[in-house]
Each structure stands twice: as structure tokens, then as C-alpha cells.
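Working notes, beginning with the structure itself.
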Amino acid sequence: MKVVFYSTSSILNPHFGILLDEANRFADQGDSVVFVTCSRYNDVCLKNPSGNRGLCYICNQTNYIGLRNLRASVIQKKLSSYYTKKQSVKFDRYKSLDDIKKIDYKGGLIGYAAISSYVTVTRNINPKIDDIFYAYFNSILEQEVSLIDTFQKLIDFEKPDLVCLFNGRFFENRPLYDLCIGNNITVRTYEFDGGREEKFIKLYFENALPHNLIINTNYAFECWNNSKDCDRIKKEKAKSFFEKRRNGIIAGDKVYIENQIKGKLPIDWDDTKRNIAIFNSSEDEFIAVDRDFDNLSLYKSQIDGIRGILEHYKENQTVHFY
Numbered sequence: 026m027k028v029v030f031y032s033t034s035s036i037l038n039p040h041f042g043i044l045l046d047e048a049n050r051f052a053d054q055g056d057s058v059v060f061v062t063c064s065r066y067n068d069v070c071l072k073n074p075s076g077n078r079g080l081c082y083i084c085n086q087t088n089y090i091g092l093r094n095l096r097a098s099v100i101q102k103k104l105s106s107y108y109t110k111k112q113s114v115k116f117d118r119y120k121s122l123d124d125i126k127k128i129d130y131k132g133g134l135i136g137y138a139a140i141s142s143y144v145t146v147t148r149n150i151n152p153k154i155d156d157i158f159y160a161y162f163n164s165i166l167e168q169e170v171s172l173i174d175t176f177q178k179l180i181d182f183e184k185p186d187l188v189c190l191f192n193g194r195f196f197e198n199r200p201l202y203d204l205c206i207g208n209n210i211t212v213r214t215y216e217f218d219g220g221r222e223e224k225f226i227k228l229y230f231e232n233a234l235p236h237n238l239i240i241n242t243n244y245a246f247e248c249w250n251n252s253k254d255c256d257r258i259k260k261e262k263a264k265s266f267f268e269k270r271r272n273g274i275i276a277g278d279k280v281y282i283e284n285q286i287k288g289k290l291p292i293d294w295d296d297t298k299r300n301i302a303i304f305n306s307s308e309d310e311f312i313a314v315d316r317d318f319d320n321l322s323l324y325k326s327q328i329d330g331i332r333g334i335l336e337h338y339k340e341n342q343t344v345h346f347y
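Just so we're aligned, residue 26 is where the sequence shown starts under the working numbering, counting upward by one.
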């Protein structure tokens, strides 16, 4: 089997290390492995959104050092070895993020990928779309167009049976994911979990992004149904996750109530009411995954969802939201 890995940055951790580790694992199995790196092909990326040349240089140097850990049988290539010509593309003037989501190129959801990356870096879901925004965003979309053409050359030349990426949501590698889906090539998107109370584990999603709602739902049921524990133990473990969070014990990524002052409630706190505090997260993980994800959403954003909840309870004086 021929396996192609693509790494966007050597200073994204543990992204780079996981891809190196997996490339070696396939090589040890006797598979033919090609490890492709950005190596200054992209002008900007998630780790270097401003295109800082110094940061790009550091990435290139650490990339060189990291690649030494690959097995001798792994073929190393730069993305530019497949195609170097970059296109200048004009896009229709867009007025909203929804307009940008509609922008595709050869089956690649370049609008979605650009928005997802932008919101991850800025946490801004309501940008002012002026000339400055337009110029910067167009440069990202143009880069994605060039990436799609280059990735197509890569696919045509290497003819891989499997392509491996990390995450796949961002504009520097989403085009390759979309091309693999369009060309019926198996693609794996890697992620990781753990590292708090337990060891890190590597996860991969085949022909899906890590954010795929159906895949994750099926995975949850699979873990539950295949567990060797009895139902009582499984329920105790599931319950303990929420109890730990409630009591300030690490469960998941971090302790969210670590700096809370016990006993210090809001001035308008009323024990006679049902008090509900809403802790919403940032939108970057799901504001622009794909159209299937959007179609399964009950609300356009978390803020819209909160507004809907407040509207529903506006006449109910027994409930108070924070």
C-alpha cells in the first residue's frame, strides 16, 4: 500500500510528531510511504497567519530536524516539487461569512476552510468586511486555489491508496482532504486525546473530519457497547466525569472553576428561582466545518441558540439565566 503524509507545520505540536510517528509505523509494516512537507510553499498558515518570514524560517529548520526521525525507507518531498505556479484569482465581492461559505473550487470547500481558520485565530464571528478584510481573505482563498491545483498534481503523480493529515479543518490542508474525497481516495484525519490523568492517545477518522457529528455519535455508542464493564460501572464512570467538573477536579481539558471564589454569588441571586449559568465556548470548532454540519445545526451560532432559549423562557419568572 502507498501512503502519503502531508505536514503543514513543524511547530504545531503534537501535530507534526503524530504524523512522523504514524509514517514510521506504516513504514515498519512494509508500506511505501511518502512524507510531504509545506517547506515554505504557503505564504501564510494557521501557525503563521501574518506570513512572518522569521517564523517560517524557524518552522523550516525544525522541520529539517524532525524529519531526521523518519525511517530511511520513507521518501521525503517538498510540496513545491509537484507544482510551483500560483494563480491570481478574482472572487465576487462577498458581504458576509455565509457568502464566503459558498465559495468552492474544483470540489474544495475553500470558503469553509478559510472561515474556520480565521475564526480559530481571531475568535471573531462577526468581522467587518471592508477593503482590508477583503484583501487579506482573498489572499487566503487564492492560496487555497493554488493548493488544490498542487495537491491534484501530487495525487496524479503519487497515486496513493491512503492520504494522512492532521485535523483537516484548516485552509492549509482542507483542500487535500476534499480532493481525496472527490477522487475516492481513502483519507485519514488524525487527532489526539488524553494527556491529563491518562496517557495521550492518537485518534484517526477515515474519510471524515474529526468534527463529523455522525461519526462521533457512532463512536460514542461503539465505545459504550464494546466496553467490558457492566452497565453499573459504565454509568458510574460517565457520572464521574460531570461530578469531577462540578467539584473542581480535572476531567477533560482543564478545571473551569479553578479560580472561582466559593460563596461569592451575583448580587441578584435568588434561591427561590431555578438559576442556570450558560458557559458557551468559542465558535472555531464548528462555525465552518461543512454543509452537512450546518444542516444538522439547530441554530446558526451559539449566540443565536442562547437568544432562542431566552426568548422561550422570557415569560417564565421562576427561571433566571446567567
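Every residue gets a Cβ at the ideal spot worked out from N, C-alpha and C, and that includes glycine.
Quick caveat: nothing in here was measured; it's all calculated off a predicted structure.
Here K339 carries a coil assignment [DSSP, helix/strand/coil]. Boundaries of the alpha helix (DSSP H) harbouring S164: D156 to E183, taken from the DSSP string.
Selection L190, N241 and F246 evaluated against L37 yields L190 as nearest (Cα-Cα).
In the DSSP assignment, Q101 falls outside any alpha helix (DSSP H) and lies within the beta strand (DSSP E) extending over I100 to K103. In this model, A160 and F196 are separated by some 16 angstroms (Cα to Cα).
If you draw a straight line from the Cα of G79 to the Cα of S34, it comes to about 14 angstroms. In this structure, the straight-line span from the alpha carbon of G207 to that of K127 is close to 17 angstroms. Per the C-alpha coordinates, the member of S322, V170, Y338 and I125 positioned closest to Q112 is V170. Cβ-Cβ separation between P74 and V146: approximately 5 angstroms, consistent with a contact (criterion under 8 angstroms).
Here the stretch 276 to 295 makes no contact with the stretch 324 to 339; the two share fewer than three CB pairs at distances below 8 angstroms. One Cα belongs to R270, the other to D68, and the distance between them is close to 41 angstroms. One alpha carbon belongs to S105, the other to Q177, and they sit about 12 angstroms apart.
In the displayed model, D218 falls within a strand according to three-state DSSP. By the beta-carbon neighbour count (other beta carbons within 10 angstroms, threshold 16), T175 is buried.
Y130 is bridged by DSSP to G133. By the Cβ criterion, the stretch 210 to 218 is not in contact with the stretch 81 to 98, since fewer than three pairs of Cβ atoms, one from each stretch, lie closer than 8 angstroms. DSSP places C189 within a strand segment (E or B) once states are collapsed to three.
Assignment of beta-bridge partners to T211 by DSSP yields L187. Shortest Cα-Cα distance from V61 to any of L71, G273, C248 and N85 involves N85. Measuring C-alpha to C-alpha distances from I292 to each of K264, Y347, N243 and F266 identifies Y347 as the nearest. Residue range K27 to S32 is occupied by the beta strand (DSSP E) that includes Y31. Just so you know, the alpha carbons of N49 and I43 end up roughly 10 angstroms apart.
If you look at H345, you'll find it in the beta strand (DSSP E) that goes V344 to F346. In chain order, P152 place their CB closer than 8 angstroms to the CB of F158, counting only its own chain and leaving out the 5 sequence neighbours on each side. Separation of E223 and A263 (C-alpha to C-alpha, rounded to the nearest whole angstrom) is 16 angstroms. Judged by DSSP secondary structure, K289 falls outside any beta strand (DSSP E); it is assigned neither H nor E.
Here Y82 is exposed: its Cβ has fewer than 16 other Cβ atoms, across all protein chains shown, within 10 Å. Residue range R316 to N320 is occupied by the alpha helix (DSSP H) that includes F318.
Taking the Cα of L234 as reference, the smallest distance to any Cα among C205, K289, N88 and S98 is reached at C205. Taken through DSSP and simplified to helix, strand or coil, S35 comes out as coil.
Counting the other Cβ atoms within 10 Å of the Cβ of A302 gives fewer than 16, which makes it exposed.
Y202 sits buried, since 16 or more C-beta atoms from the chains shown fall within 10 Å of its C-beta.
Here the alpha carbon of E47 sits roughly 14 angstroms from the alpha carbon of F225. Where T62 is concerned, the enclosing beta strand (DSSP E) starts and stops at S57 to T62.
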